[in-house]
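One structure is given below, encoded as structure tokens.
Number of protein chains: 2
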Amino acid sequence: MDGMTSPTTQQAALAARYGAATPPAGPWNATIAGMVEHRSVRGYRPDPLPPGTLETLVAAAQSAATSSNLQTWSVVEVADSAARAVMTEVAGNQQHILECPLFLVFLADVGRNERMGIAEGKPLEGTPFLEAFLVASIDAALAAQNAVVAAESLGLSTVYIGALRNDTQRVAATLGLPPGTAGVFGLCVGYPKAGAEGEVKPRLPQSTILHRGRYDASGETAARAAYDAEMSAFSQRNEMAADTWTARVIARNGTIKALRGRDMLAAALRALGFPLK
Amino acid sequence: MDGMTSPTTQQAALAARYGAATPPAGPWNATIAGMVEHRSVRGYRPDPLPPGTLETLVAAAQSAATSSNLQTWSVVEVADSAARAVMTEVAGNQQHILECPLFLVFLADVGRNERMGIAEGKPLEGTPFLEAFLVASIDAALAAQNAVVAAESLGLSTVYIGALRNDTQRVAATLGLPPGTAGVFGLCVGYPKAGAEGEVKPRLPQSTILHRGRYDASGETAARAAYDAEMSAFSQRNEMAADTWTARVIARNGTIKALRGRDMLAAALRALGFPLK
């Protein structure tokens, strides 16, 4: 696409992402470099975005694939400060939700097509199933990721807010969501505060994530040990506790309490009109 | 990011995506143009991809955000022709699965972290919940979309294969998936056959998808009528039946039979080790 990226930059970007387990360098361009250099940002300046930015992000989002062109997602821009305060509280007091100039909530939305079916005298039999909720959530995720790539290509930063699922019903009530819709995650967009951008976070080696032909877990314990060392050093450099990745996963998923209400997600979705059959 | 895209190109790209409901032109660059010009391609030449392409796509995929850095997704490259034939059959005989030089199956994978918890003597209490499956599916979708954007930026085409969920258990058996993993969709990658690229598919107007402050369904019926006319003309131009969007959604979701087995998804996932509590 460009040819302007130097091999050094590519090597450095891959090394930042993978540490010692850097994969071989393949094809590369500025779009790919932008994605590989992604970091989630949790501190924003109040500076407004250029006019038309939201419409461009939505155009990118809508251009992602959507299952059978059903388009079972929507997005709500939340500008009102009282509504932002609710979102911040639901998400465990994440202040960047209040700070960022643009805050979006992406919805799984089967309600729109359900309303259409009723209006046409053909109520949709297919929407009460888990499949419909999954399709809607995947549609929303594909759309959101295009918006993220678009935002970052414009020099903006982002962070997803999965913690809106701590209280999916309160989010729905605050945004006036009709039946068959639910917020699956939020997204902050804006310019990072000084120091908020941080380092690229290392990921598990490709050998752990990418399987050839059949799933192969044989190398995962050794790969995890190496990654634990990478993540411990990364955490220490970034002034967090020098935890291993293993310790963090156990902290996050080890107990029901750590889910902070998300153990009730199925019940919340059923109350919002997703039977999940 | 570039500044080389002309306003004409931007206007044309937005018009192709939205028809008469083209939104105002905001910030723009080559990365965004690439996304807005996306089309799913269902016919591939056998030409192999440049060396290192898969590793680059996986690097882009792993660079997407992942909830709490849990990284609960994996991807299987399916090269074996017998396995490709199974995938093709599961997906209702979609020949492009056999044709494309690279076929990937993206997995929701909580099994890896479950194995870690057991190995550490701390079985994870958080993984039997619907939340864990949803996080894993969203992780997989964000990763896959980065791979798609990366592939398309390299001049490759793609199409998602959601129809692998017609028989999630057969896909799992074919790929040797361990408990706590399931294929959520496939992805074809390659060079389009002559004539297979097609037109950009119009989407619903932004007014239907993007809500300001609160969900607002008041304009959706009028917007749908306009979109039905756009889609009917699009379908006719592309040698398909001149169906409206409304007719297609009803055909796809109107009956349980039209789900082609996906009404059994919840049962299939439970059998694969996702209790979905």
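Line by line, the protein sequences are chains A and B.
Positions in the first sequence are counted from 1; adding 272 to them yields my numbering.
Positions in the second sequence are counted from 1; adding 272 to them yields my numbering.
For each residue, glycine too, the CB sits at the ideal point set by N, CA and C.
Since this is a predicted model, take the numbers as computed values, not measurements.
Burial state of residue i (16 or more Cβ within 10 Å)
i                         : result
lysine 473 of chain A     : buried
glycine 275 of chain B    : Reliability fails at glycine 275 of chain B, whose pLDDT of 44 lies under 50, so the model's placement of it is uncertain and no value is given.
methionine 512 of chain A : exposed
glutamine 282 of chain A  : buried
glutamate 471 of chain B  : exposed
alanine 599 of chain A    : The structure shown does not extend to residue 599 of chain A, since chain A is modelled only from 273 to 549, so the question has no answer here.
isoleucine 390 of chain B : exposed
threonine 453 of chain B  : buried
arginine 289 of chain B   : buried
aspartate 535 of chain A  : buried
glutamine 334 of chain B  : buried
asparagine 385 of chain A : buried
glycine 398 of chain B    : buried
Per-residue contacts from residue i into chain A (C-beta, under 9 Å)
i                        : result
glutamate 469 of chain B : Per Cβ cutoff of 9 Å: no residues; glutamate 469 of chain B is ~14 Å from chain A at best.
proline 296 of chain B   : Pro323, Gly324 and Glu327
serine 346 of chain B    : Thr480, Ile481, Leu482, His483 and Tyr487
glutamine 343 of chain B : Arg475, Leu476, Thr480, Ile481, Trp517 and Val521
tyrosine 316 of chain B  : Per Cβ cutoff of 9 Å: no residues; tyrosine 316 of chain B is ~16 Å from chain A at best.
Close beta carbons around residue i, own chain, < 8 Å, minus the five adjacent residues each side
i                         : result
methionine 359 of chain B : Val350, Ile369, Phe375, Val377, Ile433, Leu436, Val443, Thr446 and Gly458
valine 362 of chain A     : Ala435, Leu436, Asn438, Asp439, Arg442 and Val443
alanine 305 of chain A    : Thr277, Thr281, Gln282 and Ala285
alanine 287 of chain A    : Thr294
glycine 364 of chain B    : Ala435, Asn438 and Arg532
glycine 491 of chain A    : Ser479 and Thr480
Contacts of residue i in chain A (Cβ-Cβ under 8 Å)
i                        : result
leucine 544 of chain B   : Those within 8 Å of leucine 544 of chain B in chain A number zero; the least Cβ separation is about 12 Å.
glutamate 349 of chain B : Leu482, His483, Arg484 and Gly485
histidine 310 of chain B : Ser335, Ala336 and Ala337
alanine 422 of chain B   : Thr303, Ile304 and Met307
arginine 387 of chain B  : Ala489 and Glu492
valine 456 of chain B    : Leu406 and Ile410
Three-state class that DSSP yields for residue i in the structure shown
i                            : result
phenylalanine 401 of chain A : coil
glycine 462 of chain B       : strand
leucine 374 of chain A       : strand
alanine 380 of chain A       : strand
alanine 564 of chain A       : Nothing can be reported for residue 564 of chain A: it is not among the residues displayed for chain A, which extend from 273 to 549.
serine 504 of chain A        : helix
arginine 289 of chain B      : helix
serine 425 of chain B        : helix
glycine 467 of chain A       : coil
glycine 393 of chain B       : coil
isoleucine 433 of chain B    : strand
leucine 537 of chain B       : helix
valine 443 of chain A        : helix
aspartate 274 of chain B     : At aspartate 274 of chain B the pLDDT is 45, less than 50, meaning the model places this residue with poor confidence; the figure from the coordinates comes in the next sentence. Note: aspartate 274 of chain B maps to coil in three-state DSSP.
Proximal residues of chain B, C-beta to C-beta of residue i below 7 Å
i                      : result
leucine 374 of chain A : Ordered by position in chain B, no residue passes the 7 Å Cβ test against leucine 374 of chain A, which lies about 12 Å from the chain.
Other residues of its chain near residue i: CB distance less than 6 Å, five sequence neighbours each side excluded
i                      : result
proline 450 of chain B : Gly383
Listed by chain order, chain B residues near residue i by CB distance under 9 Å
i                        : result
aspartate 319 of chain A : Residues of chain B passing the Cβ test: none, with the nearest at roughly 14 Å.
valine 443 of chain A    : Near valine 443 of chain A there are no residues of chain B at all, since even the closest Cβ is about 11 Å away, more than 9 Å.
threonine 453 of chain A : Tyr487
Neighbouring residues, chain A, relative to residue i (Cβ below 7 Å)
i                        : result
glutamate 392 of chain B : Thr518 and Ile522
Residues near residue i in its chain [Cβ-Cβ closer than 7 Å; skip 5 each side]
i                     : result
valine 407 of chain B : Ser339, Leu342 and Thr344
Beta-carbon neighbours of residue i, restricted to chain B and to distances below 8 Å
i                        : result
lysine 549 of chain A    : Asp535 and Ala538
proline 299 of chain A   : Pro322, Gly324, Thr325, Thr328 and Leu426
glycine 398 of chain A   : Arg524, Asn525, Gly526, Thr527, Ile528, Ala530, Leu531 and Asp535
aspartate 352 of chain A : Gly485
Open item on the list: Which runs of the alpha helix (DSSP H) at least 4 residues long sit entirely within the stretch 292-366 of chain B? Give them in chain order.
Closed with: 302-308, 325-334 and 353-362
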